[in-house]
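**Q** Shown below is the structure under consideration.
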Amino acid sequence: MIKRIGVISLVLLLLAGCFPVSEQEEEQVVEEPTETEEQVVDVVPQITTPDNYYQSVLYDGTYLHGQSRGFGNAVVYNRLDLDQLEMGLQRIAQEYFDPENYFFREGQFITRDELNNWLMRNSENNPEGLNPALGEGGTMQEREESQPRYLSHILEHNYLVEGEDGQLNIGGIVIGLSMNSVYNFRVEDEQGRYYFYETPISDESLEREGRRIGQEVVERLRSENRENGAFQDVPIVVALFREQPRESVIPGHFFAKSEATPRSDLERWQRINERYYLFPSNEATQEARNESDQFQRFKDDVQEFFDTFIGVVGKGRYVDNQIQELSIEIPLRYQGKAEIVALSQYVASQIQQRFQGGYKVSVSITSVAGKTESIIIQNPNEEPFIHVFN
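Just so we're aligned, residue 21 is where the sequence shown starts under this note's numbering, counting upward by one.
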């Protein structure tokens with residue numbers, strides 16, 4: 021395990037907030053990183069978990085936030101989408117960069133100002149925009165609908181590897197492109213009143229535009245003007261994420277990925293067969309019948325535990341039509357902690373009885389105010405773990 025390694029680091033500027041809400045851009049002056057005093061680089065201790073998380077890199081004992089920290093909250097409407105984008109991108113990274121040899125760091129190379137410009141429409145004032153310029157039409161609504169904004173957000177992750185000299189060097193970059201499945205926009209009339217519209221975007225259009233944007237991002241990262249072309253020899257993985265409509269109670273999913281090996285373009289795009297089901301739902305009953313039946317029996321068990329109604333809702337993540345994990349939430353109006361303890365114990369026993377498919381099951385028991393009162397987790401081939409919060 022790497023302990024403490026002295027390296028020459030780059031000054032990583034955390035720029036002030038700038039959200040993609042205006043098409044009018046001021047000229048930006050990009051400062052080149054400069055060398056500074058020696059920093060001590062460390063990694064968090066390795067903890068073995070079924071999820072096989074990466075060890076994160078620390079600088080002088082401090083976690084280094086990404087250049088675009090908090091930006092996603094302003095451009096991705098659904099928090100479920102944002103969480104899945106972040107965690108799912110690390111799962112994809114594990115297919116290319118072994119967690120035993122690589123270490124995780126939030127993205128440091130796409131600056132906040134760059135990201136803001138890239139997410140906007142391409143225009144004379146903003147030639148860096150990755151979303152298409154407004155389309156043709158007699159009204160602003162028609163122009164927006166004819167050329168929707170496909171790209172919602174760009175998430176960058178860095179993966180570092182130990183070199184022969186003991187230093188940590190950039191070994192890979194992973195880019196997540198979050199794409200709108202529904203484009204929501206507003207139009208202002210002459211009286212200053214706003215009208216809100218939405219237009220669905222086909223999966224074919226998402227994939228076409230995602231591939232185009234992905235290749236452009238790779239070319240920009242490998243430009244000679246960025247770190248003197250240092251990333252030309254670094255593999256870059258791009259994954260495309262489809263956001264759910266705003267009102268959805270389940271997150272979106274990744275649907276394609278590709279790797280640009282050193283000095284090469286993105287090649288051999290691969291489809292990702294990933295999706296979420298809500299339990300209970302008609303869709304889950306029809307397309308995930310086995311888990312739907314298991315969930316219904318579990319729900320009936322929990323309902324019978326108390327003499328008052330208890331809501332039970334689940335979300336299942338599937339890859340290649342096989343369930344990978346099931347997350348369940350039980351909101352409860354309770355009168356004392358003893359009830360929470362008793363229900364948690366009962367839930368743990370029923371998880372073992374009802375879910376025997378070799379996938380992770382996690383249950384969160386919450387108060388009606390949304391506070392988590394207890395969690396129960398059963399990893400494959402393990403006994404359930406219970407924690408009741410004081």
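We treat Cβ as the ideally placed atom computed from N, Cα and C, and that holds for glycine.
Using a Cβ-Cβ cutoff of less than 6 Å, which residues in the same chain neighbour Ser88 once the five nearest sequence positions on both sides are dropped?
**A** The residues are Arg132 and Leu135.
**Q** If you compare alpha carbons, which of Leu298, Val64 and Phe274 is closest to Leu78?
**A** Selected option, being the one with the closest Cα: Val64.
**Q** Name the one or two DSSP bridge partners that Ala250 has.
**A** For Ala250, which the question treats as bridged, DSSP gives no partner whatsoever.
**Q** Within its chain, find whatever has a CB closer than 8 Å to the CB of Gly81; leave out the 5 residues flanking it on each side and keep chain order.
**A** Val60 and Asp62
**Q** Would you call Ser243 buried or exposed, if buried means 16 or more other Cβ atoms sit within 10 Å of its Cβ?
**A** With fewer than 16 Cβ atoms within 10 Å of its Cβ, Ser243 is classed as exposed.
**Q** Specify the secondary structure class of Glu106 as computed by DSSP and reduced to three states.
**A** Helix, per DSSP.
**Q** Could you tell me the distance, in whole angstroms, from the CA atom of Asp285 to the CA atom of Phe117?
**A** 18 Å
**Q** Which residues mark the beginning and the end of the alpha helix (DSSP H) in which Met160 is found?
**A** Met160 to Ser166
**Q** Going by alpha carbons, who is nearest to Glu263 out of His173, Arg309 and Gln316?
**A** His173
**Q** Grab me the residues of Trp289's own chain with a C-beta within less than 6 Å of its C-beta, minus the 5 sequence neighbours each way, in chain order.
**A** Ala276 and Ser278
**Q** Helix, strand or coil for Gln1? Go by DSSP, reduced to three states.
**A** The requested residue 1 does not occur in the structure, where the chain is confined to residues 21 to 410.
**Q** Where Tyr296 and Glu144 are concerned, what is the direct C-alpha to C-alpha distance, given to the nearest angstrom?
**A** 40 Å
**Q** Check this for me: beta carbons of Ile424 and Ser382, under 9 Å apart or not?
**A** With the chain covering 21 to 410 only, the question about residue 424 has no answer from this structure.
**Q** Only counting runs of 3 or more residues, tell me where the beta strand (DSSP E) segments fall wholly within the stretch 188 to 235, in order along the chain.
**A** Fully enclosed beta strand (DSSP E) runs of no fewer than 3 residues occupy 188 to 199, 202 to 208 and 214 to 220 of the stretch 188 to 235, in order along the chain.
**Q** According to DSSP, Gly334 sits in a beta bridge with which residue or residues?
**A** Phe299 and Ile348
**Q** By the three-class DSSP mapping on this structure, what secondary structure does Lys391 have?
**A** Here Lys391 sits in coil by DSSP.
**Q** Using beta-carbon positions only, say whether Ser387 and Pro351 come within less than 9 Å of one another.
**A** yes
**Q** Using three-state DSSP, classify Val322 as helix, strand or coil.
**A** Val322 falls in the helix class under three-state DSSP.
**Q** With DSSP as the reference, please indicate the residues paired to Asn410 in a beta bridge.
**A** For Asn410, which the question treats as bridged, DSSP gives no partner whatsoever.
**Q** Do you know offhand how far Ser166's Cα is from Phe326's?
**A** Looking at the two C-alpha atoms, the distance is approximately 54 Å.
**Q** Please classify Phe329 as buried or exposed, where buried requires at least 16 other C-beta atoms within 10 Å of its C-beta.
**A** exposed
**Q** Need the endpoints of the alpha helix (DSSP H) that Val95 sits in, please.
**A** Gly92 to Val95
**Q** Along the chain, where does the alpha helix (DSSP H) containing Leu84 start, and where does it finish?
**A** Membership of Leu84 in any alpha helix (DSSP H) is not indicated, and neither H nor E is assigned to it by DSSP.
**Q** Just curious, the alpha helix (DSSP H) that Leu135 is in, first and last residue?
**A** For Leu135, the enclosing alpha helix (DSSP H) begins and ends at Arg132 to Leu139.
**Q** I'd like to know whether the C-beta atoms of Leu171 and Leu150 end up nearer to each other than 9 Å.
**A** Judged by beta-carbon spacing, Leu150 lies within the 9 Å limit of Leu171, meaning their Cβ atoms are closer than that value.
**Q** May I have the straight-line CA-CA distance separating Ser369 from Asn93, to the nearest angstrom?
**A** Those two C-alpha atoms are separated by around 38 Å.
**Q** Taking only three categories from DSSP, how would you classify Ser143?
**A** coil
**Q** Does the Cβ of Asn137 have 16 or more other Cβ atoms within 10 Å, making it buried, or fewer, making it exposed?
**A** buried
**Q** What is the rounded straight-line gap between the Cα of Ser301 and the Cα of Gly336?
**A** 12 Å
**Q** Reducing DSSP to helix, strand and coil, say where Asp62 ends up.
**A** Correct three-state label for Asp62: strand.
**Q** Ignore the nearest five residues each way along the sequence and tell me which others in Arg374's own chain have a CB closer than 6 Å to its CB.
**A** Within the same chain, Arg374 has close Cβ partners Gln314, Arg317 and Phe318.
**Q** Give me, in chain order, the residues of the same chain whose beta-carbon lies closer than 6 Å to that of Phe216; leave out the 5 immediate sequence neighbours on both sides.
**A** Arg206
**Q** Under a Cβ-count criterion, where at least 16 other Cβ atoms within 10 Å of its own Cβ denotes burial, should Asn200 be classed as buried or exposed?
**A** buried
**Q** Which word fits Glu47, buried or exposed, when buried means at least 16 other C-beta atoms lie within 10 angstroms of its C-beta?
**A** At Glu47, the pLDDT of 35 sits below 50, so the modelled position is not reliable; the number obtained from the coordinates is stated separately. Exposed, since its Cβ has fewer than 16 Cβ neighbours within 10 Å.
**Q** Could you pull the start and end residues of the beta strand (DSSP E) that Phe123 belongs to?
**A** Unbroken beta strand (DSSP E) run through Phe123: Tyr122 to Glu126.
**Q** Expressed to the nearest angstrom, what Euclidean distance is found between the alpha-carbon atoms of Asn310 and Asn245?
**A** 54 Å
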